[in-house]
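Residue numbers (full-length UniProt numbering): 1 to 162.
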């Protein structure tokens, strides 16, 4: 979603702080960015209304909730037609194990997924019991995440001139 909202230096400060901690109270946020509570609240609301702030979520540690196996899957489809992609996308959004799904180019695959499961047995179940059964899936290549080096949801704000 593209916004016509002009981001000034206060908006930029608000976005940086909320990316660090989306659970900040309005009062704490206002203090950190150098505003009083009311104008800070209005700015946050405008950023939300304009679609710049999409959502605020809580991130969990996967291992703390026994999701010890993370995999990246590259999915190949048999036909590159809208109906096939629509079927795949509608189906894959119903699998809670799928944390991310991207339609990609420049690769042998059509989709890239990030999947979280407790163990290899459960990975086997989702792979053979769900993913390969989606109409049009012709190939799956799996890689397993050994360690996270960069793990952030923060988007780079250094390209915005305020």
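All residues carry an ideal CB built from backbone N, CA and C; glycine is no exception.
Quick caveat, the model's predicted, so the values are computed rather than measured.
- According to DSSP, residue pairing for residue 100 in a beta bridge involves 114.
- For the pair residue 76 and residue 109, the CB atoms are nearer than the 8 Å cut-off.
- Of the candidates 40, 65, 82, 146, 65 places its Cα closest to the Cα of residue 118.
- The beta carbons of residue 14 and residue 44 sit about 6 Å from each other, so the pair counts as a contact at 8 Å.
- With three or more CB-CB distances shorter than 8 Å, the segment 84-100 counts as touching the segment 125-138.
- For residue 41, there is no enclosing beta strand (DSSP E); the enclosing alpha helix (DSSP H) has its first and last residue at 37-49.
- Residue environment analysis places residue 159 among the exposed positions, since fewer than 16 neighbouring C-beta atoms fall within 10 angstroms of its C-beta.
- Where residue 85 is concerned, the enclosing alpha helix (DSSP H) starts and stops at 82-92.
- Residue pairing by DSSP places residue 139 opposite 76 in a beta bridge.
- Excluding sequence positions up to five before and after residue 113, its CB lies within less than 6 Å of the CB of 73, 98, 101, all in the same chain and listed in chain order.
- Of 103, 116, 19, 51, the smallest CA-CA separation from residue 95 is found for 116.
- For residue 10, the secondary structure class from DSSP, reduced to helix, strand or coil, is helix.
- Exclusion of the five residues before and after residue 107 leaves 74 as the residues of its chain whose Cβ lies within less than 8 Å of its Cβ.
- Looking at the DSSP output, residue 95 bridges to nothing.
- Taking a contact as a CB-CB distance under 8 Å, the pair residue 18 and residue 52 does not count as one, their CB atoms being some 10 Å apart.
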